[in-house]
Amino acid sequence: GAVVSQHPSRVICKSGTSVKIECRSLDFQATTMFWYRQFPKQSLMLMATSNEGSKATYEQGVEKDKFLINHASLTLSTLTVTSAHPEDSSFYICSAWPGGHGIQYFGAGTRLSVL
Amino acid sequence: EDQVTQSPEALRLQEGESSSLNCSYTVSGLRGLFWYRQDPGKGPEFLFTLYSAGEEKEKERLKATLTKKESFLHITAPKPEDSATYLCAVQDQAGTALIFGKGTTLSVSS
């Protein structure tokens, strides 16, 4: 299957710092990329949808100023957690979709721990 | 509102004991139904996509089927390496984001 690369896989940071997570589709051009958050023993919750060259669309309740998304090219999207706090600690997963009846492929996820 | 419900939440099987996982959905026009496998601490791994009622797909010990209201993931003679959480998701005609169920956590013991 198609490969989506996400890194870092794990990050530990101090409260108040910003963390950037990268998501790359390695063998196809992604019309749309998605960012999800997953809490322990729960399913994936969509945070935002991003299309190349345009502003991301955030789900209700997700602070766009805290979770900055940049989709600079058809193969790269980044999520920056600004001024991270312990409550932002979670598992963040990206996915890439080529459009149409294409399949949405997921990255391996990033475990963020904010001390 | 589009919704996906999976059952059971957890399933314990002995090696070789076949069973089925259920995914019930309501969606305003189905573009596709997807099954993923997720191992602890990893992202979801794509298994199958189904587009219309009556469609079936198979891969090794897994077989996915689709009706107008639900999908089943049949596991035949499972092995311990099949232990994982299985996620069902739908994509509607209007949107692009997947709507996930809460998943079924499968444990297969030898």
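If you read the protein sequences in the order shown, they are chains A and B. Each step along the first sequence adds one to the number in the working numbering, with nothing skipped, and position 43 is 43. Each step along the second sequence adds one to the number in the working numbering, with nothing skipped, and position 12 is 1012. Idealized CB from N, CA, C, for every residue including glycine. As the structure is a computational prediction, the values presented were derived from the model and not from experiment.
Taking a C-beta cut-off of 8 Å against chain A, the contacting residues of the segment 1028-1052 of chain B are Arg1031, Gly1032, Phe1034, Tyr1036, Gly1041, Lys1042, Gly1043, Pro1044, Glu1045, Phe1046, Thr1049, Tyr1051, listed in chain order. Judged by their CB atoms, Val4 of chain A and Phe106 of chain A are nearer to each other than the 8 Å cut-off. Judged by DSSP in its simplified three-state form, Asp1082 of chain B adopts helix. Straight-line spacing of the CA atoms in Ala1064 of chain B and Gly16 of chain A works out to 46 Å. If you compare the alpha carbons of B:Cys1023, B:Tyr1086, B:Leu1050, B:Asp1092 with that of Thr1005 of chain B, the shortest gap goes to B:Cys1023. Listed along chain A, the residues sitting closer than 7 Å to Thr1096 of chain B by beta-carbon distance are Thr32, Thr49, Trp97.
Around the beta-carbon of Tyr1025 of chain B, 16 or more other beta-carbon atoms lie within 10 Å, marking it buried. Contact between Phe1034 of chain B and Leu1098 of chain B holds, with the beta-carbon distance rounding to 6 Å and staying under 8 Å. Using a Cβ distance threshold of 8 Å, Ala30 of chain A and Thr75 of chain A count as a contacting pair.
Annotated as distal: Ser1028 of chain B and His1074 of chain B, with beta-carbon spacing of 8 Å or more. Residue-level contact by beta carbon holds for Lys1102 of chain B and chain A, with a gap shorter than 8 Å.
In the DSSP assignment, Lys64 of chain A falls outside any beta strand (DSSP E) and carries neither an H nor an E. Using a CB distance below 9 Å, the part of the segment 14-32 of chain A facing chain B consists of Thr31, Thr32, ordered along the chain. Proximity of chain A to Leu1087 of chain B at the Cβ level (cut-off 8 Å) is accounted for by Ser43, Leu44, in chain order.
Judged by beta-carbon spacing, Ala84 of chain A lies beyond the 8 Å limit of Ile69 of chain A, meaning their Cβ atoms are not closer than that value. A straight-line Cα-Cα distance of about 34 Å links Cys13 of chain A and Leu1047 of chain B. In the DSSP annotation of this structure, the continuous segment of the beta strand (DSSP E) that includes Ser1024 of chain B starts and ends at 1019-1026.
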